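*Asks:*
2 protein chains.
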Amino acid sequence: MNVEETLKKVGLRLTDTRKAVLSLFIDANKALSHSDLEEKLADCDKVTLYRTLSSFLEKDLIHKIVNPDGVAFFALCKHHEHTHHAHTHLHNHGHFVCKICKETRCIEDFEIEIPTNLLLNSQIDEISVVLQGTCSNCIKIQNRV
Amino acid sequence: MNVEETLKKVGLRLTDTRKAVLSLFIDANKALSHSDLEEKLADCDKVTLYRTLSSFLEKDLIHKIVNPDGVAFFALCKHHEHTHHAHTHLHNHGHFVCKICKETRCIEDFEIEIPTNLLLNSQIDEISVVLQGTCSNCIKIQNRV
DNA sequence: GTTTATGCAAATTCTTTGCAATACT
DNA sequence: AGTATTGCAAAGAATTTGCATAAAC
Numbered sequence: 001m002n003v004e005e006t007l008k009k010v011g012l013r014l015t016d017t018r019k020a021v022l023s024l025f026i027d028a029n030k031a032l033s034h035s036d037l038e039e040k041l042a043d044c045d046k047v048t049l050y051r052t053l054s055s056f057l058e059k060d061l062i063h064k065i066v067n068p069d070g071v072a073f074f075a076l077c078k079h080h081e082h083t084h085h086a087h088t089h090l091h092n093h094g095h096f097v098c099k100i101c102k103e104t105r106c107i108e109d110f111e112i113e114i115p116t117n118l119l120l121n122s123q124i125d126e127i128s129v130v131l132q133g134t135c136s137n138c139i140k141i142q143n144r145v
Numbered sequence: 146m147n148v149e150e151t152l153k154k155v156g157l158r159l160t161d162t163r164k165a166v167l168s169l170f171i172d173a174n175k176a177l178s179h180s181d182l183e184e185k186l187a188d189c190d191k192v193t194l195y196r197t198l199s200s201f202l203e204k205d206l207i208h209k210i211v212n213p214d215g216v217a218f219f220a221l222c223k224h225h226e227h228t229h230h231a232h233t234h235l236h237n238h239g240h241f242v243c244k245i246c247k248e249t250r251c252i253e254d255f256e257i258e259i260p261t262n263l264l265l266n267s268q269i270d271e272i273s274v275v276l277q278g279t280c281s282n283c284i285k286i287q288n289r290v
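For the record, the sequence lines run as chains W and E. Residue 1 is where the first sequence starts when you use my numbering, and the numbers rise one by one after that. Residue 146 is where the second sequence starts when you use my numbering, and the numbers rise one by one after that.
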């Protein structure tokens with residue numbers, strides 16, 4: 001997955017911040033919050049980061065996960081790794097948030113079926129599934145103490 | 146479901162604000178945000194409302210649903226309507242949020258099974274399932290225009 | 001050259017904290 | 001009487017907006 005090609009494909013100008021942020025998402029392989037990015041890109045203005053995240057959301061490069069504390073995390077949309085372009089896609093996979101280290105990951109294997117029998121007259125656009133608990137790493141650390 | 150009995154049962158003092166807020170939750174039969182309460186209880190200080198919500202959360206009278214915009218909503222925990230007291234309970238039922246009118250409801254019939262095969266070494270405490278879309282009422286209004 | 005993005009300051013919104021006055025048991 | 005709760009002011013955190021400068025196309 002090439003950073004510059006991806007940005008061009010969705011019609012965003014190639015700026016240093018956008019290239020850096022997209023690289024971070026690709027390398028991270030997990031969800032990142034605004035403050036994660038701010039920390040990693042210390043010389044970048046926080047407002048620019050907010051705007052970068054907005055433009056990525058708008059172009060469907062990333063999706064937003066709000067954890068149970070109300071903190072927003074963002075993760076790459078997997079469909080951009082493939083050549084085909086699914087335009088209206090539901091993010092109906094699960095997410096796991098560790099309440100200790102706050103690490104947030106997509107669980108691609110866990111997909112929720114929309115309950116079409118319920119909510120008969122409503123239209124569903126988006127699904128958010130967040131599992132909160134303690135990650136394996138933090139359990140290990142707890143057991144050591 | 147009696148307001149005063151319920152408050153006593155969980156060990157909270159009977160104050161005007163608590164009685165009013167609990168009544169609103171019972172009558173509303175849907176999730177309410179802090180600003181919903183502020184609007185309905187105009188003569189009550191907003192800080193008191195924050196603290197009321199905290200105490201209700203702590204006593205498991207209500208649960209918190211963070212909608213995809215990051216706005217917190219709160220809804221009654223159903224187990225308090227019965228006499229038996231489940232102390233550690235997962236809120237693994239779904240929630241529906243209308244992106245237009247922001248109405249938020251529990252969908253009690255829609256329960257998510259925790260995927261025990263995934264996340265083998267992690268511990269899951271809480272599940273949040275939020276479906277976002279357009280509610281039947283807002284669809285009707287759209288069609289009229 | 002035209003359009004879009006950035007950086008800074010400032011405004012807004014949401015939430016928490018400290019403390020004296022008040023209400024509950 | 002003793003303890004918990006309230007209301008107000010103020011602090012803090014998260015996010016948005018306006019605008020001049022700078023960078024991308």
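Positions of the beta carbon are idealized from the N, C-alpha and C atoms, including for glycine. Please read these numbers as outputs of a predicted model, since none were measured by experiment.
Does E:D188 come out as helix, strand or coil in the three-state DSSP assignment?
*Replies:* E:D188 falls in the coil class under three-state DSSP.
*Asks:* Give me the chain E residues within the contact set of W:N121, using Cβ-Cβ distance strictly less than 9 Å, ordered along the chain.
*Replies:* Near W:N121 (Cβ distances below 9 Å), the residues of chain E are C280, S281, N282, I284 and K285.
*Asks:* Against chain E, does W:S35 count as a neighbour if the rule is that its beta carbon must be under 7 Å from one of theirs?
*Replies:* By this cut-off, W:S35 is not an interface position.
*Asks:* Using the C-alpha atoms, what's the distance from E:M146 back to E:T228?
*Replies:* Low per-residue confidence applies at E:T228: pLDDT is 48, beneath 50, and the placement is therefore not dependable enough to give any value.
*Asks:* Name, please, each residue of chain W whose Cβ falls closer than 7 Å to the Cβ of E:A217.
*Replies:* Going along chain W in sequence order, the residues near E:A217 (Cβ under 7 Å) are G70.
*Asks:* Hey, out of E:V166, E:S199 and E:A173, whose CA is closest to E:E183's CA?
*Replies:* Among E:V166, E:S199 and E:A173, the Cα nearest to that of E:E183 is on E:V166.
*Asks:* If the cut-off is 9 Å on Cβ atoms, which residues from the stretch 249–274 of chain E count as contacting chain W, listed in chain order?
*Replies:* Within the stretch 249–274 of chain E, the qualifying residues are I252, D254, F255, I257, I259, P260, N262, L263, L264, L265, N266, S267, Q268, I269, D270, E271, I272, S273 and V274.
*Asks:* At the level of alpha carbons, what is the spacing between E:L177 and W:K59?
*Replies:* Cα to Cα, E:L177 sits roughly 32 Å from W:K59.
*Asks:* Could you have a look at E:H240 and say whether DSSP puts it in helix, strand or coil?
*Replies:* It is a strand residue.
*Asks:* Which of the three DSSP states, helix, strand or coil, is assigned to W:V71?
*Replies:* Residue state, collapsed to three classes: coil.
*Asks:* Between the C-alpha atoms of W:K8 and E:F219, what's the straight-line distance to the nearest angstrom?
*Replies:* Each residue's alpha carbon lies about 42 Å from the other.
*Asks:* Go to W:S128, then tell me how far its alpha helix (DSSP H) extends in each direction, as first and last residue.
*Replies:* Counting along the chain, W:S128 falls outside any alpha helix (DSSP H), though it belongs to the beta strand (DSSP E) covering Q123 to T134.
*Asks:* Cα separation between W:L131 and E:S273?
*Replies:* In a straight line, the C-alpha of W:L131 is about 6 Å away from that of E:S273.
*Asks:* Give the residues of chain W in contact with E:V211, contact being defined as C-beta atoms less than 7 Å apart.
*Replies:* Under the 7 Å cutoff, chain W gives V66, P68 and G70.
*Asks:* Could you round the C-beta distance between W:Y50 and W:H34 to whole angstroms and report it? I think they count as a contact, below 8 Å.
*Replies:* Right, the Cβ-Cβ distance comes to about 7 Å (below 8 Å), so this counts as a contact.
*Asks:* To the nearest angstrom, how far is the alpha carbon of W:V47 from that of E:R158?
*Replies:* Taking the straight line from one Cα to the other gives about 45 Å.
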